[in-house]
Ligand SMILES: [Fe+2]
Ligand SMILES: [Fe+2]
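In the working numbering, the protein residues as written are 38 to 196.
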């Protein structure tokens, strides 16, 4: 079982997001090192739930507030476009009609995209966002993000 980041309402939005990025990185590593196809599919299901919960809560509690500012428009659009690209790969991986070779290719692409996205967020977008949002708001968004992420996971756990 994968470890989940625990809810810590003292964390600001960036600390909370990065804690979930670490969970995603662990899941990508497990997915890469597992050879058994059925087990790979089970790890993928967990990664899918985490990616969806993270993207929904991150868009609502980071990118939408950042988008209210002119200097935050472009970075938010870029990040949300990448969330969409990950979703398209997830759709292929959920399509029961694809063979193992296609599935493995799409899975490798998803892992690459997740790693690229996390790095770009941490190295660029979060640094820019930190300058845009005042510290009090960063703190409040941290709690909102974590609650939303938890609720999303609970609501969609059986999918
Ligand atoms: Fe993201
Ligand atoms: Fe993220």
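Glycine is no exception: its CB is placed at the ideal position from the N, C-alpha and C atoms.
*Nearest-angstrom Cα separation, counted from residue 118 out to residue 142*: 21 Å
_Contact the segment 88-100 vs the segment 185-192: 3+ CB pairs below 8 Å_ = Yes: at least three Cβ pairs fall under 8 Å.
*asked:* With three or more beta-carbon pairs closer than 8 Å as the criterion, would you say the segment 73-83 touches the segment 112-126?
replied: no
*Determine the closest residue to residue 148 out of 178, 56, 68 and 72, with distance taken between C-alpha atoms.*
Checking every option, the nearest Cα to that of residue 148 belongs to 68.
*Under three-state DSSP, which class holds residue 48?*
coil
*So, helix, strand or coil for residue 38, using DSSP?*
Residue placement at residue 38 cannot be trusted, given a pLDDT of 44 that sits under 50; what the coordinates show is reported in the next sentence. In the structure shown, residue 38 sits in coil (DSSP, three-state: anything other than H, G, I, E or B).
*Pick out whichever of 109, 196 and 179 has its Cα sitting closest to the Cα of residue 52.*
Closest option to residue 52, Cα to Cα, is 179.
_As assigned by DSSP and simplified to three states, the class of residue 133_ = coil
_Please tell me whether residue 182 and residue 88 are closer than 9 Å, where the distance is taken between their beta carbons._
no
_For residue 60, the nearest candidate out of 49, 166, 43 and 73 (CA to CA)_ = 43
*Helix or strand or just coil, what does DSSP make of residue 32?*
This structure cannot speak to residue 32, because the chain is shown only from 38 to 196.
*Exposed or buried, what is residue 173 when buried is set at 16 or more other beta-carbons lying within 10 Å of its beta-carbon?*
When all chains shown are included, residue 173 counts as exposed.
*In angstroms, rounded to a whole number, what distance separates the CA positions of residue 86 and residue 106?*
30 Å
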